[in-house]
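Numbering (my numbering), first residue to last: 1 to 468. Every residue gets a Cβ at the ideal spot worked out from N, C-alpha and C, and that includes glycine.
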Amino acid sequence: MFGTIAVAYTVALVLGRLSLFGVPAGVTRFISDESSEEEQWTVVKHGLLIVAPLTVTASLVLIVFPASFGELMNSEGIKQYLTVFALFVVAFPISRVIIAVLRARGETLYAGLSKDLLSRAGGIVLFAGLASVGITEVGAVAYWVSLPIISMVSSVYLLNRRLSVSGVLKSTIDWSSLRDLWSFSWPLAFSSSLLLFFSNMDVLMIEYFLASEAVGYYRSIQPLRQVTGFVLSSFTFLYLPLATQYFSNGDFDTLAEFYKVTTKWITALTLPLVLVFSVFAADIVKVFFGPAYLPVSEVLSVLVGGLFFNVLVGPNGATAKAIDRPRIELVSAAVGFVVNLGLNIILIPRYGIMGAAVATVAGFVTYNTMEITFIRRSIGCLPFSANQLKPLAPTVGAALLLKWFFGGSVGFAGLIAIGMFLSAFHLVSMLVTRSIDENDIDLVRRLEENLGREIPYIRGALNRFSKG
Numbered sequence: 001m002f003g004t005i006a007v008a009y010t011v012a013l014v015l016g017r018l019s020l021f022g023v024p025a026g027v028t029r030f031i032s033d034e035s036s037e038e039e040q041w042t043v044v045k046h047g048l049l050i051v052a053p054l055t056v057t058a059s060l061v062l063i064v065f066p067a068s069f070g071e072l073m074n075s076e077g078i079k080q081y082l083t084v085f086a087l088f089v090v091a092f093p094i095s096r097v098i099i100a101v102l103r104a105r106g107e108t109l110y111a112g113l114s115k116d117l118l119s120r121a122g123g124i125v126l127f128a129g130l131a132s133v134g135i136t137e138v139g140a141v142a143y144w145v146s147l148p149i150i151s152m153v154s155s156v157y158l159l160n161r162r163l164s165v166s167g168v169l170k171s172t173i174d175w176s177s178l179r180d181l182w183s184f185s186w187p188l189a190f191s192s193s194l195l196l197f198f199s200n201m202d203v204l205m206i207e208y209f210l211a212s213e214a215v216g217y218y219r220s221i222q223p224l225r226q227v228t229g230f231v232l233s234s235f236t237f238l239y240l241p242l243a244t245q246y247f248s249n250g251d252f253d254t255l256a257e258f259y260k261v262t263t264k265w266i267t268a269l270t271l272p273l274v275l276v277f278s279v280f281a282a283d284i285v286k287v288f289f290g291p292a293y294l295p296v297s298e299v300l301s302v303l304v305g306g307l308f309f310n311v312l313v314g315p316n317g318a319t320a321k322a323i324d325r326p327r328i329e330l331v332s333a334a335v336g337f338v339v340n341l342g343l344n345i346i347l348i349p350r351y352g353i354m355g356a357a358v359a360t361v362a363g364f365v366t367y368n369t370m371e372i373t374f375i376r377r378s379i380g381c382l383p384f385s386a387n388q389l390k391p392l393a394p395t396v397g398a399a400l401l402l403k404w405f406f407g408g409s410v411g412f413a414g415l416i417a418i419g420m421f422l423s424a425f426h427l428v429s430m431l432v433t434r435s436i437d438e439n440d441i442d443l444v445r446r447l448e449e450n451l452g453r454e455i456p457y458i459r460g461a462l463n464r465f466s467k468g
């Protein structure tokens with residue numbers, strides 16, 4: 001039952017994401033560029049006008065053709081759920097557009113509350129209430145469907161505390177501005193679709209070329225590769241509005257420094273996690289899946305270690321949006337997709353799931369390399385800096401020494417302890433290599449402005465370290 005509901009949710013989520021059509025990123029970017037409330041509400045109205053027909057069409061497709069999706073997903077049972085999940089498809093894009101407004105206006109706390117905390121808390125309460133009266137199946141469906149609905153309602157409420165939402169009704173349509181938003185959004189829509197397919201290409205190709213056992217092995221560790229993106233996605237949420245403002249004001253030097261220092265801290269905060277999941281991949285696999293899955297540990301190591309390149313180049317996708325070059329995303333994603341597809345076809349028949357891992361890493365490296373190349377041609381800067389790269393070698397060396405020292409198996413508690421040690425060690429490495437300076441303090445000040453609250457302990461510590 002729950003597996004069938006999960007499949008129905010996946011179908012609804014894919015349709016919901018396609019209905020976004022890149023509009024939330026466009027709304028954040030264009031609102032960050034506008035000063036008056038009237039102009040900002042005009043951008044919101046334009047965004048809703050673009051997603052509305054796509055959302056209605058996608059939800060109607062779910063309602064009218066549930067049997068077709070059942071056949072496509074090889075799950076006849078999802079038919080009974082898809083009609084209800086049409087509500088998810090309607091609410092999801094609208095909630096994301098409103099959250100984009102909060103994000104652009106610097107209401108990061110409100111955006112985070114409505115996007116994750118309030119929606120999930122409300123969904124859990126709803127599920128628990130329905131499950132307690134014996135209708136667990138209804139509760140499971142209600143949980144997933146309620147997430148974007150609660151997110152939409154809460155984001156509108158929180159936005160209204162800062163800005164009257166009646167402004168969207170009073171605003172007028174500016175056809176020139178609407179065309180600009182459309183022109184900005186459609187390349188992002190196609191690039192996000194390519195990346196969605198790109199991210200799952202390895203599984204599809206393994207299913208085509210190899211036996212089901214290999215598919216099971218690879219599917220088990222595929223979600224773990226996402227550890228490389230946790231910090232990056234969090235920083236990107238804060239980065240885009242500020243980067244847009246610097247670009248719009250013509251302050252390219254500040255934008256370049258902001259790009260570099262943001263990338264440095266994304267790298268610093270992600271590195272310990274990546275080292276645990278790559279250097280100690282065998283122990284991770286045993287802890288999560290048991291000894292039977294040890295053959296896939298080397299594949300996990302290659303995936304996590306290779307995808308760390310996504311972190312080293314920082315928020316390049318957000319930078320492309322901030323400098324009003326959304327087609328960079330489209331071209332880079334298309335080339336990366338072709339490289340990934342070609343290498344999967346060549347490597348999987350010969351090297352199995354390891355070939356799929358190498359093809360995935362190569363595709364993403366190609367995609368990111370093209371993005372930073374185009375960004376450099378546009379604004380003359382790269383995300384790399386000496387302060388980002390100097391502390392890496394000592395910390396990587398420490399991880400390898402720990403692996404040699406422990407030798408055999410490391411349990412769950414040991415992995416956590418190693419992660420904490422490597423985090424502290426990398427901070428020391430940054431101090432020893434003098435990789436903390438005034439730019440880090442400026443980053444904290446910008447975050448304080450964006451969050452609407454001070455974080456004096458971090459700012460004070462960085463101030464002492466930068467002078468030390």
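Which of helix, strand or coil DSSP assigns to residue i
{"i": "S212", "result": "helix"}
{"i": "V313", "result": "coil"}
{"i": "G380", "result": "coil"}
{"i": "T433", "result": "coil"}
{"i": "S364", "result": "What sits at residue 364 in the sequence shown is Phe, not Ser. The answer is helix: DSSP assigns F364 an H, G or I state."}
{"i": "K390", "result": "coil"}
{"i": "N200", "result": "helix"}
{"i": "F425", "result": "helix"}
{"i": "I441", "result": "helix"}
{"i": "E298", "result": "helix"}
{"i": "E257", "result": "helix"}
{"i": "G407", "result": "coil"}
{"i": "I206", "result": "helix"}
{"i": "I418", "result": "helix"}
{"i": "S385", "result": "coil"}
{"i": "I471", "result": "Given a span of 1 to 468 for the chain in the structure shown, any question on residue 471 remains unanswerable."}
{"i": "I149", "result": "helix"}
{"i": "G250", "result": "coil"}
{"i": "G290", "result": "coil"}
{"i": "I323", "result": "coil"}
{"i": "I135", "result": "coil"}
Nearest-angstrom Cβ-Cβ length linking residue i and residue j, presumed shorter than 8 angstroms
{"i": "F277", "j": "L312", "result": "About 16 angstroms; that fails the 8 angstroms criterion."}
{"i": "K286", "j": "P383", "result": "Contact flag wrong, Cβ pair sits at about 35 angstroms."}
{"i": "L476", "j": "S19", "result": "Residue 476 cannot be examined here, being either before or after the span of the chain that is shown, 1 to 468."}
{"i": "I353", "j": "A189", "result": "That belief does not hold up - the Cβ atoms of I353 and A189 are roughly 31 angstroms apart, past 8 angstroms."}
{"i": "A333", "j": "L232", "result": "That pair is no contact at about 17 angstroms."}
{"i": "L303", "j": "A357", "result": "5 angstroms"}
{"i": "I31", "j": "V14", "result": "That belief does not hold up - the Cβ atoms of I31 and V14 are roughly 27 angstroms apart, past 8 angstroms."}
{"i": "Y217", "j": "Y293", "result": "7 angstroms"}
First through last residue of the alpha helix (DSSP H) which encompasses residue i
{"i": "V227", "result": "It is not in any alpha helix (DSSP H) - V227 carries neither H nor E in the DSSP assignment."}
{"i": "V339", "result": "326-351"}
{"i": "R103", "result": "79-104"}
{"i": "F280", "result": "Taken as a continuous stretch (DSSP letters only), F280 belongs to no alpha helix (DSSP H), as it is neither H nor E."}
{"i": "V125", "result": "118-132"}
{"i": "L112", "result": "A small fix is needed here, since residue 112 is Gly in this sequence, not Leu. It spans 108-112 - the alpha helix (DSSP H) in which G112 sits, taken as one unbroken run."}
Proximity test, residue i beta-carbon vs the ligand COA heavy atom, cut-off 7 angstroms
{"i": "I379", "result": "No copy of the ligand COA appears in this structure; indeed no ligand is present at all."}
Contact between the stretch 359-375 and the stretch 315-335 (3+ Cβ pairs under 8 angstroms): Three or more pairs of CB atoms, one per stretch, sit closer than 8 angstroms, so the stretch 359-375 contacts the stretch 315-335.
At 4 residues or longer, what runs of the alpha helix (DSSP H) sit wholly inside the stretch 2-76? Annotation: the stretch 2-76 contains the following complete segments of the alpha helix (DSSP H) (minimum length 4 residues), in chain order: 2-20, 23-32, 37-64, 66-72.
Contact between the stretch 236-254 and the stretch 24-37: three or more CB pairs below 8 angstroms? Yes: the two stretches touch, three or more of their Cβ pairs being nearer than 8 angstroms.
Could you name each continuous alpha helix (DSSP H) segment of 4 residues or more that falls completely within the stretch 158-184, going from the start of the chain to the end? 167-170, all fully within the stretch 158-184.
Using 8 angstroms as the Cβ pair cut-off and three pairs as the minimum, do the stretch 123-130 and the stretch 53-65 touch? Not touching, per the Cβ criterion.
If we count Cβ pairs, one from each stretch, closer than 8 angstroms, do we get three or more for the stretch 197-215 versus the stretch 249-265? Below 8 angstroms, too few C-beta pairs join the stretch 197-215 and the stretch 249-265 to call them touching: fewer than three.
How about the stretch 5-22 and the stretch 67-86: do they share at least three Cβ pairs that are nearer than 8 angstroms? Yes: at least three Cβ pairs fall under 8 angstroms.
Pairing CB atoms from the stretch 416-435 with CB atoms from the stretch 380-398, are three or more of them under 8 angstroms? Between the stretch 416-435 and the stretch 380-398 there are three or more inter-stretch CB-CB distances shorter than 8 angstroms, so the stretches are counted as touching.
Are three or more beta carbon pairs between the stretch 174-194 and the stretch 320-327 nearer than 8 angstroms? At 8 angstroms Cβ cutoff, the stretches touch.
Pairing CB atoms from the stretch 139-150 with CB atoms from the stretch 172-181, are three or more of them under 8 angstroms? In short, these stretches do not touch, since the Cβ pair count stays below three.
At least three beta-carbon pairs within less than 8 angstroms, the stretch 84-102 to the stretch 38-52: Judged by Cβ distances under 8 angstroms, the stretch 84-102 makes contact with the stretch 38-52, as three or more pairs qualify.
Is the stretch 103-117 touching the stretch 134-141 in the sense that three or more CB pairs, one from each, lie closer than 8 angstroms? Inter-segment contact for the stretch 134-141 and the stretch 103-117 is absent: fewer than three beta-carbon pairs are separated by less than 8 angstroms.
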